[in-house]
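*Asks:*
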Amino acid sequence: MKLLVCISQTPDTTSKISFNADGTAFNAASVQFIMNPYDEWYALVRACELREALGGTVVALNVGPAANETTIRKSLAIGADEAVRIDCDPNGAAFVAKQIAEYARAENFDLIFFGKETIDHNGSEVGAMVAEHLELPYVSYASKLELNGTVATLERDIEGGVEIVEVDLPFVLSASKGMAEQRIPNMRGIMTARAKPLKEVAAVVFEENSKVVQFTLPPSKAGVKLVQPDNMDELVRLLHEEAKVI
Amino acid sequence: MVLVFAESHGGQFKKTALEAVTYGKKVAELLGTTCVALTLGTVKEAGELGRYGASRVLNVADTAYDQFDSQIVTAAIAEVAKNTEASVVILSHSSTGKSIAGRLSVRLNAGLISGVNSLPTANDAALRAKKSVFSGKAIAEYEITSAVKVLSLTGNAVKPESTGNAVSVEVISVGSVKGRIRVKSVKIQEGIVPLPEAEIVVSAGRGMKGPENWGMIEALATILGATTACSRPVADAHWRPHHEHVGQTGIAIRPNLYIAIGISGAIQHLAGVNNSKVIVVINKDTEAPFFKAADYGVVGDLFEVVPRLNEALKKFKGGQ
Ligand SMILES: Cc1cc2nc3c(=O)[nH]c(=O)nc-3n(C[C@H](O)[C@H](O)[C@H](O)COP(=O)(O)OP(=O)(O)OC[C@H]3O[C@@H](n4cnc5c(N)ncnc54)[C@H](O)[C@@H]3O)c2cc1C
Ligand SMILES: Nc1ncnc2c1ncn2[C@@H]1O[C@H](COP(=O)(O)O)[C@@H](O)[C@H]1O
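Sequence lines, in order, name chains A and B. Residue 771 is where the first sequence starts when you use the working numbering, and the numbers rise one by one after that. Residue 558 is where the second sequence starts when you use the working numbering, and the numbers rise one by one after that.
1. Relative to chain A, which residues along the segment 688-702 of chain B have a C-beta separation below 8 Å, given in chain order?
2. Hey, could you find the ends of the alpha helix (DSSP H) GLY654 of chain B is sitting in?
3. State buried or exposed for GLY772 of chain B, treating a residue as buried only when at least 16 other CB atoms are found within 10 Å of its CB.
4. Buried or exposed for ASN640 of chain B, going by 16 or more other Cβ atoms inside 10 Å?
5. Which partner residues does ARG739 of chain B have in the DSSP bridge list?
6. Using a Cβ-Cβ cut-off of 8 Å, state whether THR631 of chain B counts as contacting chain A.
7. List the DSSP bridge partners of TYR622 of chain B.
8. Quick check: the segment 929-944 of chain A against the segment 955-973 of chain A, are at least 3 beta-carbon pairs closer than 8 Å?
9. With a CB to CB cut of under 7 Å and the five nearest residues on each side skipped, what residues in its chain are close to SER980 of chain A?
10. Residues of the segment 872-892 of chain A in Cβ contact with chain B at a cutoff of 7 Å, in chain order, please.
11. According to DSSP, is ARG865 of chain B part of a helix, a strand, or is it coil?
12. By the 7 Å beta-carbon criterion, what residues does the segment 970-994 of chain A contribute toward chain B?
13. Any Cβ of chain B within less than 8 Å of the Cβ of LYS772 of chain A?
14. How should ASN616 of chain B be labelled, buried or exposed, when 16 other C-beta atoms within 10 angstroms of its C-beta is the threshold for buried?
15. Would you be able to state if there are at least three C-beta pairs under 8 Å between the segment 850-869 of chain B and the segment 996-1005 of chain A?
16. Is PRO768 of chain B near ligand 1, judged by its Cβ being under 7 Å from some heavy atom?
17. Do GLY829 of chain B and ILE816 of chain B come within 8 Å of each other at the CB atom, strictly closer than that value?
18. Whose C-beta lies closer than 6 Å to the C-beta of PHE985 of chain A among residues of the same chain, with five residues either side of it excluded?
19. Kindly examine ligand 1 and report whether one of its heavy atoms sits closer than 7 Å to the Cβ of HIS799 of chain B.
20. Count the other CB atoms, across all protein chains shown, that sit within 10 Å of the CB of GLY668 of chain B; report buried if there are 16 or more and exposed otherwise.
21. Tell me whether LYS886 of chain A, by its Cβ, gets closer than 7 Å to a heavy atom of ligand 1.
22. Let me check understanding here. Comparing Cα to Cα, which of B:GLY659, B:ALA823, B:GLY610 lies closest to GLU576 of chain B?
23. Are the C-beta atoms of ASP681 of chain B and some chain A residue less than 8 Å apart?
24. What does ARG739 of chain B touch in chain A if you count any residue whose Cβ is under 8 Å from its own?
25. Of all the CB atoms in chain A, is at least one closer than 8 Å to the CB of ILE824 of chain B?
26. Give the DSSP-derived three-state secondary structure of ARG613 of chain B in the structure shown.
27. Terminal residues of the continuous beta strand (DSSP E) containing GLY668 of chain B?
28. Tell me the DSSP bridge mates of SER725 of chain B?
29. According to a CB-to-CB cut-off of less than 8 Å, which residues of the segment 847-868 of chain A neighbour chain B?
30. Whole angstroms is fine: what's the gap from VAL879 of chain B's alpha carbon to LYS601 of chain B's?
31. Quick one: grab the DSSP three-state call for CYS818 of chain A.
32. Could you check how far apart the C-beta atoms of THR827 of chain A and ASP851 of chain A are, in whole angstroms? I think they sit under 8 Å.
33. Report all residues from its chain with a CB closer than 8 Å to the CB of ARG816 of chain A; omit the five preceding and five following residues, and keep chain order.
34. So, are the CB atoms of LEU595 of chain B and ILE634 of chain B less than 8 Å apart?
35. What residues does ligand 1 have around it, judged by CB closer than 5 Å to any heavy atom, in chain order?
36. Mind listing the chain A neighbours of THR785 of chain B? Cutoff is C-beta to C-beta under 7 Å, in chain order.
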């Protein structure tokens, strides 16, 4: 069983988001970066669980600069067997997807894991793009995954419910809450991670076709209008007449 | 030409499909062209999409599309887009749309902006549109310059506008491809509007003390025709079902009205709800961070405030 988990690095949710003066670039200085939560808690952990049960290899893959190595090491500490970094400074989902697809095409993975989205660009794009490059089925927002030989059964979150699907290996999935429980790397994991291989691969040339031209902060709220707790008629009036939402 | 993929489920269109067609019509007007809607599989009254602005409605009437498989859906949309020489393809940013958008952009060699929340601007060959990024903490304007462009539209970003007339449906066929995903079953909570589509959401947190107190929350939701949601610890403690959990790890929503009751407003919670148009917070703690993100606030004990709100709303609804 050869499993690939695509790992991205994102600013921690609690970080303050700011941009350069003309709003053309994200201000990464003073921001704490973490492994994208969906990649870490759900995709990577489920891949490790499957490897523990069925044998095989879990490869963690990141498309990014050398500065991402702390995040990549963490994926090894959590349980990935080897890590690959495609060396570049990615500037969009299409570029990232192309890099992942080119690498994966040559490696013949049985299963390729993504997180449901990155919490910086909230795109949910890369997994679907890779699936199309590789002409593989794609199960998005999977909250459960069981394997029986080469047949997988998954639950996928859809609006207002779940869909249960079956698909043969190989395929691509994106993981959402429910697929696994978060694992905190233990000392042993951290120690063994140091001995695990971290391979660096050169990026292929690809012209990104979608780019950010302007970042802005959302208009700040006018401030909360307080309504007395014993005057709910007033709240109803405001919601009807002023906010026009009821 | 602007091609809109109008998703259907069990033969019916959801509000998101009508939003996508309305949006498609506006984009078409902006570009001085027409809007064509595409439906796949068995659909009832597809011609109704004409009312929302589609000048033509195409249907690939093959039952293979009644079960969702992003691979065959992508192939069908791409083929129709090529045959009709569409310059923009619009999808809903729904669970279906998210499974297709990236695939379609690869197949059509198109730039993609996913989750747009307002009308684009266009000049020459470039198209720009805005979306919310960093879990609602910023807005990014993207530009795409490829010949074909793919946009997916966030739910509740535009209102469906029925201003035109129904048109007759043109049944077409595309090259058949065999899907590899076998849909075994679909379990949908009957009778409630799914959270991502709800216009009003009533949400409650740990301040409720226990699941036995949710009666007044459900009553409030019923009066408002709202969908109920909850904070993460509430779902983790099994006070409420997991599908109600909103926030960074749960569902992200953008209703017109979000009423947060006994929720402190932690940043991970806000990440999923801060795009709501109007936020009402009911909390007994003046210092609760949620008040900073709120439009209207009530500082008070929810066990007294919520029943009073329910009475006031009943009176209001009765008098309407
Ligand atoms: C990585 C990560 C991801 C997370 N993802 C999410 C997520 O997706 N969604 C989410 O919700 N949380 C998430 N959390 C948890 C989040 O940080 C908060 O812990 C959580 O949102 C708090 O839930 P709460 O507001 O219901 O409870 P509390 O923080 O305990 O707040 C309860 C509130 O109720 C008020 N209250 C109590 N009694 C009354 C009363 N009688 N009348 C009126 N008000 C009352 C209190 O003043 C308080 O403000 C995440 C945390 C982490 C670390
Ligand atoms: N730079 C990257 N390197 C590796 N995987 C990535 C990268 N960016 C995104 N991904 C993967 O793609 C998923 C979806 O990302 P996105 O399309 O940006 O929302 C993430 O959850 C990751 O699994």
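Beta carbons: idealized from backbone N, C-alpha and C, even for Gly. Keep in mind the model is a prediction, meaning the values are calculated, not measured.
*Replies:* Reading from the atomic positions:
1. So the list reads LYS688, SER689, VAL690, PHE691, SER692, GLY693, LYS694, ALA695, ILE696, ALA697, GLU698, TYR699, GLU700, ILE701, THR702, given in the order they occur along the chain.
2. Here the alpha helix (DSSP H) through GLY654 of chain B covers 652-664.
3. So GLY772 of chain B counts as exposed.
4. Answer is exposed; the Cβ neighbour count stays below 16.
5. Beta-bridge pairing links ARG739 of chain B to A:GLU936.
6. With respect to chain A, the C-beta atom of THR631 of chain B has a partner C-beta closer than 8 Å.
7. As DSSP reads the structure, TYR622 of chain B sits in no beta bridge.
8. In short, these stretches do not touch, since the Cβ pair count stays below three.
9. Sequence-distant partners of SER980 of chain A (beyond 5 residues in either direction) whose C-beta falls short of 7 Å from its own C-beta, in its chain, are GLY862, ALA864.
10. Shown in chain order are the members of the segment 872-892 of chain A whose Cβ falls below 7 Å from a Cβ of chain B: ILE889, ASP890, HIS891, ASN892.
11. ARG865 of chain B: helix per DSSP, three-state reduction.
12. Identification of residues in the segment 970-994 of chain A having a C-beta nearer than 7 Å to some C-beta of chain B yields ASN979, SER980, LYS981, VAL982, VAL983, GLN984, PHE985, THR986, LEU987, PRO988, LYS991, VAL994, given in sequence order.
13. No, its Cβ sits nowhere closer than 8 Å to a Cβ of chain B.
14. It is buried - the Cβ of ASN616 of chain B has at least 16 other Cβ atoms within 10 Å.
15. In short, these stretches touch, since the Cβ pair count reaches three.
16. No, the Cβ of PRO768 of chain B stays beyond 7 Å of every heavy atom of ligand 1.
17. No, the Cβ-Cβ distance between ILE816 of chain B and GLY829 of chain B is not below 8 Å.
18. If we look at PHE985 of chain A and ignore the five residues flanking it on each side, its Cβ neighbours are PHE789, GLY793.
19. False, no ligand heavy atom lies under 7 Å from that Cβ.
20. Taking all protein chains in view, the Cβ of GLY668 of chain B is crowded by 16 or more other Cβ atoms within 10 Å, so the residue is classified as buried.
21. In terms of side-chain proximity, the C-beta atom of LYS886 of chain A is found no nearer than 7 Å to any non-hydrogen atom of ligand 1.
22. With distances taken between Cα atoms, GLU576 of chain B lies closest to B:GLY610.
23. Not an interface residue.
24. Here the neighbours are VAL935, GLU936, VAL937.
25. Interface residue, yes.
26. It is a strand residue.
27. Counting along the chain, the beta strand (DSSP E) containing GLY668 of chain B begins and ends at 668-673.
28. Under the DSSP definition of a beta bridge, SER725 of chain B lacks any partner.
29. Residues of the segment 847-868 of chain A that bring their beta carbon within less than 8 Å of a beta carbon in chain B comprise ALA863, ALA864, ALA867, in sequence order.
30. What is shown of chain B runs 558 to 877, which leaves residue 879 of chain B out entirely.
31. DSSP places CYS818 of chain A in helix when its eight states are reduced to three.
32. With 8 Å as the limit, THR827 of chain A and ASP851 of chain A qualify as a contact, their Cβ atoms being about 5 Å apart.
33. PHE883, LEU915, ALA945, MET949, ALA950, listed in sequence order.
34. Yes, the pair counts as a contact, with Cβ atoms nearer than the cut-off.
35. Residues with a Cβ closer than 5 Å to any heavy atom of ligand 1, in chain order: B:GLY762, B:ARG763, B:GLY764, B:SER788, B:ARG789, B:PRO790, B:GLY804, B:GLN805, B:THR806, B:GLY807, B:GLY819, B:ILE820, B:SER821, B:ALA823, B:GLN825, B:HIS826, B:ASN840, B:LYS841, B:ASP842, B:ALA845, B:ASP858, B:LEU859.
36. Listed along the chain, the chain A residues whose CB falls inside 7 Å of the CB of THR785 of chain B amount to none; the nearest CB is some 12 Å away.
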